[in-house]
Amino acid sequence: MTGLALLLAIGVIALGAYTRLMDAGLGCPDWPGCYGTILPPTTEEAVTVANEAFPERPVEIEKTWPEMIHRYMASSLGFLILVITIMSIINHRHPAQPAKLASSLLVLVILQGMLGMWTVTMKLYPPVVMSHLLGGFTILSVLSLLFYRLTQIFPPIKDSKADKLTWLAMLGVLTVIAQIMLGGWTAANYAAHICHDFPVCQPGWAESLNMAEAFKIFGHEVDDFEYAPHLSADAQMTIHAFHRIGAIAVTLVVGLLCVLLLKCETRRYKKFGGVVLLMLSLQLGLGIANVIYGIPLNIAVLHNLGGAMLLLVLVALNYSMRKKA
């Protein structure tokens, strides 16, 4: 069941990325329903009623369905995690049942649901949008830890070289998390399209940096943050540039980790080195392709999934390293 929840979480992240990239975050301007109903309005009569109820945001069918499917898929994941938590608590006396980890996962799901609601009610307020994205990645990571605990997929092994890399593996996870946050901030502030050149953002980008506005949390003079009316072009460029700088940091840290893992004694950690290197290379390639080809939808969704996969592999690596023989 945990494996099914893990796959569903990956699907929710992919669909969330698709919804965000389709600019469908406010495809349904209310919550939890869509224009006051359980399903998006589709008939001419229903659309007319919805438009009268929400004149400031007319129905766009191509945006309502991705948003509602995402909500229902996320709700299904939440229900599945609730069942897993209840089963873990019932069987808490069994040593293989990590009831505390499952319970913390349920708390995360409740918080994620609240963030999903606030994303709509606060009209795509960037800190909430970024937190919602980060919450999804956190749930995915904790689910993977729960899966590893239940399946005992990584029995303890001895590897003196790998033992010396635990700090670097943890640094790799933290660096990737920071980059995911920067990516979420870039998406939440509609800054992905602002830079068209590679490898530099645009000519004279360093002189145009505006960090104060780019990372401002409070005090915006707008109520609706869709399409980032609160930001200047320089602020959006700054956000995008920092995401690219973050990619360089991830490449250096995780790349070094890969090289050292490939020199480890055991086959497990050599495999980890190869898989992490593959995930890192794919993610870099997708990021570059995003810029070169103008953020095509399929590549952008894969870039989001690539970040999730890279994080998952690094979480698995860290879990394995802490299973002492």
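The opening residue of the sequence shown carries number 7 in my numbering; numbering runs sequentially from there.
Beta carbons: idealized from backbone N, C-alpha and C, even for Gly.
Separation of residue j from residue i, as counted between CA atoms
i, j, result
"HIS98", "ALA295", "48 angstroms"
"ILE183", "ALA239", "26 angstroms"
"ALA30", "PRO209", "32 angstroms"
"LEU286", "ALA11", "25 angstroms"
"PHE153", "ASP229", "41 angstroms"
"ILE245", "ALA253", "13 angstroms"
"LYS106", "MET7", "17 angstroms"
"THR43", "VAL18", "22 angstroms"
"ASN304", "GLN289", "14 angstroms"
"LEU267", "GLY39", "49 angstroms"
"SER36", "THR127", "In the sequence under discussion, the amino acid at residue 36 is Asp, which differs from the Ser named in the question. Distance between the alpha carbons of ASP36 and THR127 is about 7 angstroms."
"LYS69", "THR25", "8 angstroms"
"ILE67", "ILE92", "38 angstroms"
"PRO61", "GLU50", "15 angstroms"
"ALA23", "VAL134", "15 angstroms"
"TYR275", "VAL179", "16 angstroms"
"PHE160", "LYS277", "13 angstroms"
"LEU156", "ASP165", "23 angstroms"
"ALA218", "HIS226", "12 angstroms"
"ASP332", "ILE251", "Outside the modelled stretch of the chain, which goes from 7 to 331, sits residue 332, for which no answer is possible."
"MET79", "CYS34", "15 angstroms"
"PRO46", "HIS236", "29 angstroms"
"GLN185", "LYS222", "18 angstroms"
"GLU58", "ILE90", "42 angstroms"
"ILE163", "TRP191", "39 angstroms"
"SER94", "ARG63", "44 angstroms"
"GLN158", "TYR41", "46 angstroms"
"HIS249", "SER214", "16 angstroms"
"TYR325", "VAL53", "50 angstroms"
"GLY9", "ILE16", "11 angstroms"
Cβ neighbour criterion (16 or more within 10 Å) applied to residue i
i, result
"ARG328", "exposed"
"ARG77", "buried"
"TRP173", "exposed"
"THR48", "exposed"
"VAL256", "buried"
"HIS138", "buried"
"GLN5", "Given a span of 7 to 331 for the chain in the structure shown, any question on residue 5 remains unanswerable."
"VAL115", "buried"
"LEU316", "buried"
"THR125", "buried"
"HIS100", "exposed"
"GLY280", "exposed"
"LEU258", "exposed"
"TYR299", "exposed"
"ARG273", "exposed"
C-beta contact flag for residue i and residue j at 8 angstroms
i, j, result
"LEU4", "LEU308", "Since the displayed the chain opens at 7 and closes at 331, residue 4 lies outside it and no answer follows."
"PRO72", "MET136", "no"
"THR181", "VAL265", "no"
"LYS170", "GLU271", "no"
"GLY189", "GLY313", "yes"
"ILE87", "LEU21", "no"
"PRO132", "ASN195", "yes"
"ALA198", "ILE301", "yes"
"SER82", "LEU14", "yes"
"LEU130", "GLU232", "yes"
"MET187", "LEU140", "yes"
"VAL297", "CYS201", "yes"
"LEU263", "ALA175", "yes"
"GLY119", "GLY84", "yes"
"ALA247", "TRP211", "yes"
Residue-chain proximity (residue i, chain B), Cβ-Cβ < 8 angstroms
i, result
"LEU311", "As a matter of chain content, chain B is missing from the structure shown, which is built from one protein chain."
Count the CB pairs spanning the segment 314-322 and the segment 143-151 that are closer than 8 angstroms, and state whether there are at least three.
-> yes
Which whole runs of the alpha helix (DSSP H) in the segment 111-179 are 4 residues long or more, in chain order?
-> 132-157 and 166-169
Is the segment 106-124 in contact with the segment 203-223, if contact means three or more CB pairs nearer than 8 angstroms?
-> no
Note down, one range per segment and in chain order, each alpha helix (DSSP H) of at least 4 residues found wholly within the segment 48-92.
-> 50-59
Whole alpha helix (DSSP H) runs in the segment 187-237 with 4 or more residues, listed along the chain?
-> 217-220
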